[in-house]
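K.L.:
Let me give you the structure first, and then I'll get to my questions.
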Amino acid sequence: MVLLGVGLLTGVTTVLFGFGGGFVAVPVVVWANAALGADAMRVATATSALVMLVNAAFATAVTPRHVLAALRSSGTLLLLLAVGAAAGALATRHAPAGQAHWGFVVYVALTIVDLLLRPGFLRPGRPGGKVAKSREVARPLPAVLGAPIGAVAAFLGVGGSVMTVPALRRAGHPMRVATALANPLTLAIALPATALSLHGTDTVAAHAHPHLVGLVDLRAAGALLAGALPVIAVLRRRPPRIPDRAYAWAYLALLGVVELAMLLAG
Numbered sequence: 001m002v003l004l005g006v007g008l009l010t011g012v013t014t015v016l017f018g019f020g021g022g023f024v025a026v027p028v029v030v031w032a033n034a035a036l037g038a039d040a041m042r043v044a045t046a047t048s049a050l051v052m053l054v055n056a057a058f059a060t061a062v063t064p065r066h067v068l069a070a071l072r073s074s075g076t077l078l079l080l081l082a083v084g085a086a087a088g089a090l091a092t093r094h095a096p097a098g099q100a101h102w103g104f105v106v107y108v109a110l111t112i113v114d115l116l117l118r119p120g121f122l123r124p125g126r127p128g129g130k131v132a133k134s135r136e137v138a139r140p141l142p143a144v145l146g147a148p149i150g151a152v153a154a155f156l157g158v159g160g161s162v163m164t165v166p167a168l169r170r171a172g173h174p175m176r177v178a179t180a181l182a183n184p185l186t187l188a189i190a191l192p193a194t195a196l197s198l199h200g201t202d203t204v205a206a207h208a209h210p211h212l213v214g215l216v217d218l219r220a221a222g223a224l225l226a227g228a229l230p231v232i233a234v235l236r237r238r239p240p241r242i243p244d245r246a247y248a249w250a251y252l253a254l255l256g257v258v259e260l261a262m263l264l265a266g
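Going left to right, the sequence shown walks through residues 1 to 266 as UniProt numbering numbers them.
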């Protein structure tokens with residue numbers, strides 16, 4: 001029931017913030033698999049990749065075509081996101097068990113500080129300190145960012161949106177567009193990460209239980225998706241109207257909640 005409730009939350013965050021279930025799901029899957037000890041983080045990261053894959057695919061499918069048109073020339077970016085994600089997922093299988101957990105905590109903390117202190121997210125602006133008068137013309141996300149974003153997202157299980165939403169926002173997109181575009185970008189990251197995770201690794205062999213396929217906890221993933229998918233369908237049809245600045249603050253507040261959850265789970 002806890003996982004189902006968190007699934008409802010991931011449905012909301014997928015639509016409103018572009019979080020396909022990644023760092024929202026990781027803390028609760030770590031908790032649900034506490035019996036796996038140090039391997040719980042690996043299972044949580046792999047399970048969140050599957051949840052992100054399905055949520056992001058569904059959210060992308062029901063996103064208006066004119067919004068997705070902003071990624072029309074981003075083929076190289078999507079390819080590099082996938083390549084980076086594959087490398088990050090492989091690194092997770094061989095890294096010390098606690099590294100991903102504390103890397104997750106540190107990365108989200110640095111992201112919160114960056115969003116608070118650096119102009120462009122809460123205080124949209126242009127170089128030289130001039131506030132942009134219009135956010136209609138947005139720059140494309142540089143393709144060179146694809147590999148590092150994909151690698152960090154897959155390794156830590158944070159989901160690409162933790163990096164892509166701030167980057168898209170600073171590129172000139174309003175929050176409602178930046179969060180919508182985060183879903184297809186997350187899809188490019190989650191696909192190779194999920195494929196590798198389903199093949200599993202010997203690190204959890206001693207703790208294996210019948211709900212694990214590779215490193216993915218199918219029971220947890222199923223409960224999370226059962227809660228998320230109906231919410232995505234409803235909110236994509238009737239998205240709430242949130243002022244852009246309040247939207248940005250809500251994104252930041254959610255990062256803070258997840259940071260606290262991960263600290264408590266550690």
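Just so it is clear, CB atoms sit at the ideal spot from N, CA and C, and this is done for glycine as well.
Bear in mind the structure is a predicted one, so any value in this text is a computation, not a measurement.
Could you give the DSSP three-state label for Val83: helix, strand or coil?
P.N.:
The residue you call residue 83 lines up with position 83 of the sequence shown. Helix.
K.L.:
What did DSSP end up calling Leu122 once you bin it into helix, strand or coil?
P.N.:
The count along the sequence shown starts at 1 and reaches residue 122 at position 122. Coil.
K.L.:
With a CB to CB cut of under 7 Å and the five nearest residues on each side skipped, what residues in its chain are close to Ala253?
P.N.:
To locate residue 253, count along the sequence shown from 1; it is residue 253. So no residue of the chain qualifies.
K.L.:
Going by DSSP in three states, Val26 sits in which element: helix, strand or coil?
P.N.:
Within the sequence shown, the letter at position 26 stands for residue 26. The answer is helix: DSSP assigns Val26 an H, G or I state.
K.L.:
Smallest Cα separation from Met41: which of Thr63, Ala95, Leu260?
P.N.:
The residue labelled residue 41 in the question sits at position 41 within the sequence shown. Nearest option by C-alpha distance: Ala95.
K.L.:
Helix or strand or just coil, what does DSSP make of Leu141?
P.N.:
The sequence position of residue 141 within the sequence shown is 141, counting from 1. Here Leu141 sits in coil by DSSP.
K.L.:
Spatial neighbours of Ala85 within its chain, please: C-beta separation below 6 Å, excluding the five flanking residues on both sides.
P.N.:
Along the sequence shown, read from residue 1 onward, the residue named residue 85 stands at position 85. Closer than 6 Å at the Cβ level, and outside the excluded window around Ala85, lie Gly150, Ala154, Ile189, Pro192, Ala193.
K.L.:
Please go through the same chain and pick out, in chain order, the residues whose beta-carbon is closer than 6 Å to the beta-carbon of Arg118, but skip the five residues on each side of it.
P.N.:
As a working note, residue 118 is residue 118 in the sequence shown. Nothing listed; no residue qualifies.
K.L.:
Closest to Gly214 by C-alpha separation, out of Ala38, Val51, Thr47, would be which residue?
P.N.:
As a first step, residue 214 must be located in the sequence shown, where it is residue number 214. If we check each option's Cα against that of Gly214, Thr47 comes out closest.
K.L.:
When the Cα atoms are used, what is the spatial distance from Gly5 to Val26?
P.N.:
Start at 1 with the first residue of the sequence shown, and residue 5 comes out as number 5. Start at 1 with the first residue of the sequence shown, and residue 26 comes out as number 26. Approximately 14 Å between the Cα atoms of the pair.
K.L.:
If Val29 and Val43 are in contact, beta carbons under 8 Å, what's the gap, nearest whole angstrom?
P.N.:
Position 29 of the sequence shown, counted from the start, is the residue given in the question as residue 29. Position 43 of the sequence shown, counted from the start, is the residue given in the question as residue 43. That pair is a contact at about 7 Å.
K.L.:
By how many angstroms is the C-alpha of Thr92 removed from the C-alpha of Val54?
P.N.:
Here residue 54 is taken as the residue at index 54 of the sequence shown, counted from 1. Here residue 92 is taken as the residue at index 92 of the sequence shown, counted from 1. In a straight line, the C-alpha of Val54 is about 21 Å away from that of Thr92.
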